[in-house]
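S.K.: Take a look at this one; I'll ask things after.
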Amino acid sequence: MKQIIFILLITLNILTFTKEIPQRAISASQFTTEILLSIGAQKQMIGTAFLDDQILPSLKKSYDEIPIISKRAPSKEYFYSLNPDFLTGWKSITTPKYLGPLSELEENGIEVYIPNSQNTNKIEDIYVDILEYGKIFGLEANAQKVVDKMKKDLKDVANDKIKNPPMVFAYDSGVSTPMVVGNSGIGNTIITMAGGNNIFKNLKGGFPLGSWEDIIANNPKYIIVIDYGDQSYESKIKFLKEDSPIKDLDAVKNNRFIKVGLSDMSSGVRVANTIKYLHSYFIQK
0 MKQIIFILLI TLNILTFTKE IPQRAISASQ FTTEILLSIG AQKQMIGTAF
50 LDDQILPSLK KSYDEIPIIS KRAPSKEYFY SLNPDFLTGW KSITTPKYLG
100 PLSELEENGI EVYIPNSQNT NKIEDIYVDI LEYGKIFGLE ANAQKVVDKM
150 KKDLKDVAND KIKNPPMVFA YDSGVSTPMV VGNSGIGNTI ITMAGGNNIF
200 KNLKGGFPLG SWEDIIANNP KYIIVIDYGD QSYESKIKFL KEDSPIKDLD
250 AVKNNRFIKV GLSDMSSGVR VANTIKYLHS YFIQK
């Protein structure tokens with residue numbers, strides 16, 4: 000009899016702490032939205048926010064079925080009026096400025112998962128996050144397929160090695176001082192795995208401030224221009240060619256610009272394709 004009671008208590012304990020699969024999820028970043036859509040969680044989502052650029056074409060149909068609740072961060076009042084049961088996105092969304100701290104959200108019955116990969120420079124951390132989303136949403140097999148495809152694509156690139164990695168400057172924004180891709184985020188890893196040599200690979204930070212002098216001194220073969228926000232890709236190119244301190248560099252004069260979106264340089268499902276895309280440029284003689 001005691002054994003039966005003990006088993007019942009253990010079973011009750013497991014049931015008590017088993018989290019329910021989200022059915023009213025909100026994603027507040029494009030890269031997390033694309034992860035969720037890639038694993039087939041669209042029917043369990045009630046809203047998206049923080050779209051940086053065009054959604055992946057392969058995910059557009061699923062994306063269009065989900066309401067866009069805000070271009071940036073939704074108000075706390077509107078967020079709670081939607082009765083969500085799950086939140087994911089940029090880490091900043093769980094601050095007093097936006098939807099409140101993690102503890103407050105959880106006290107209100109909302110499960111929160113902020114992907115660790117947005118704070119690291121390791122591809123492996125992206126895999127871990129994708130698989131974790133699979134567990135949370137009961138879509139483990141789908142998540143594993145996404146990770147397996149990414150690994151295969153990256154293996155193909157790794158087998159096509161570049162003997163002399165070209166110097167690369169990744170330009171985010173900035174006039175007096177350029178905002179660049181540093182070594183703390185996934186951007187530098189993307190450039191390196193694609194076979195490039197990031198000028199600012201030793202500069203701490205995901206998107207730190209660099210210097211025009213260092214760019215001139217290193218004379219990059221390619222310039223990656225990150226397209227997002229209010230400043231268009233075309234306006235950035237115009238500045239680099241006409242008014243910037245590097246307008247006389249060969250890469251600028253010969254239009255060796257590579258356009259990528261902010262989502263392409265974020266810790267999501269695009270990483271493998273971005274690496275393949277950049278590699279196709281870097282391998283050229």
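When you number the sequence shown by numbering that gives the first Met the number 0, it's gap-free, plus one each residue, and the end is 284.
In this text, a Cβ means the ideal position worked out from N, Cα and C, and glycines have one as well.
Does the beta-carbon of P100 have 16 or more other beta-carbons within 10 angstroms, so that it is buried, or is it exposed?
M.R.: With fewer than 16 other Cβ atoms within 10 Å, it is exposed.
S.K.: Where DSSP assigns a beta bridge to V167, which residues make up the other side?
M.R.: Answer is N197 and Y221, bridged to V167.
S.K.: Quick one: which unbroken beta strand (DSSP E) runs of 3-plus residues sit fully inside the region 97-140? Chain order, please.
M.R.: Listed in chain order, they are 110-112.
S.K.: If you follow the beta strand (DSSP E) that T87 is part of, which residue opens it and which one closes it?
M.R.: Taken as a continuous stretch (DSSP letters only), the beta strand (DSSP E) holding T87 covers F85 to G88.
S.K.: Does the distance from the CB of G286 to the CB of P66 come in under 7 Å?
M.R.: Residue 286 lies beyond the residue range present for the chain, which begins at 0 and ends at 284; the question has no answer from this structure.
S.K.: Quick check on G260: does DSSP put it in helix, strand or coil?
M.R.: Strand, per DSSP.
S.K.: Out of curiosity, what's the CA-to-CA distance linking H278 and L81?
M.R.: Rounded to whole angstroms, H278 to L81 spans 43 Å at the Cα level.
S.K.: Can you tell me which of E131, D213, I236 and S28 puts its alpha carbon nearest to the alpha carbon of A72?
M.R.: Of the candidates E131, D213, I236 and S28, the one whose C-alpha sits nearest the C-alpha of A72 is S28.
S.K.: Over what stretch of residues does the alpha helix (DSSP H) that includes I190 continue unbroken?
M.R.: Here the alpha helix (DSSP H) through I190 covers I185 to M192.
S.K.: Counting pairs of beta carbons, one from the region 171-185 and one from the region 137-154, are three or more of them closer than 8 Å?
M.R.: Taking 8 Å as the limit for Cβ pairs, the verdict is that the region 137-154 does not touch the region 171-185.
S.K.: Tell me, please, whether the region 260-269 touches the region 183-196 by the rule of three or more beta-carbon pairs shorter than 8 Å.
M.R.: Output reads yes: the region 183-196 touches the region 260-269.
S.K.: What whole-angstrom Cβ distance do I225 and A169 have, given they're in contact under 8 Å?
M.R.: About 7 Å; that satisfies the 8 Å criterion.
S.K.: Tell me the DSSP bridge mates of V179?
M.R.: According to DSSP, V179 bridges with Y170.
S.K.: Where N196 and G137 are concerned, what is the direct C-alpha to C-alpha distance, given to the nearest angstrom?
M.R.: Taking the straight line from one Cα to the other gives about 40 Å.
S.K.: V268 and S37 - do their beta-carbons sit closer together than 7 Å?
M.R.: Yes, these two residues count as a Cβ contact at 7 Å.
S.K.: For I125 and N217, what's the separation of their Cα atoms in angstroms?
M.R.: Each residue's Cα considered, the two are about 31 Å apart.
S.K.: If we count the other Cβ atoms within 10 Å of its Cβ and call it buried at 16 or more, is Q41 buried or exposed?
M.R.: Q41 comes out buried.
S.K.: Could you tell me which of P21, E105, K60 and Y132 sits nearest to M44, measuring between CA atoms?
M.R.: The shortest Cα separation from M44 among P21, E105, K60 and Y132 belongs to P21.
S.K.: Do you know offhand how far K154's Cα is from I282's?
M.R.: Cα to Cα, K154 sits roughly 16 Å from I282.
S.K.: For F49 and V127, what's the separation of their Cα atoms in angstroms?
M.R.: For F49 and V127, the distance between alpha carbons rounds to 23 Å.
S.K.: Report, in whole angstroms, the separation of the C-beta atoms of L86 and I109, which I expect to be a contact under 8 Å.
M.R.: Yes, L86 and I109 are in contact; Cβ-Cβ is about 5 Å, under 8 Å.
S.K.: Just the Cα atoms here: how many angstroms apart are A142 and I129?
M.R.: The alpha-carbon atoms of A142 and I129 are separated by roughly 6 Å.
S.K.: Specify the secondary structure class of D226 as computed by DSSP and reduced to three states.
M.R.: Looking at D226 - three-state DSSP - the assignment turns out to be strand.
S.K.: For the alpha helix (DSSP H) containing A271, list its first residue and its last residue.
M.R.: First-last of the alpha helix (DSSP H) with A271: V270 to F281.
S.K.: Which whole-angstrom value is the C-beta distance of N120 and G184, which I expect to be below 8 Å?
M.R.: N120 to G184, Cβ: 6 Å. Contact.
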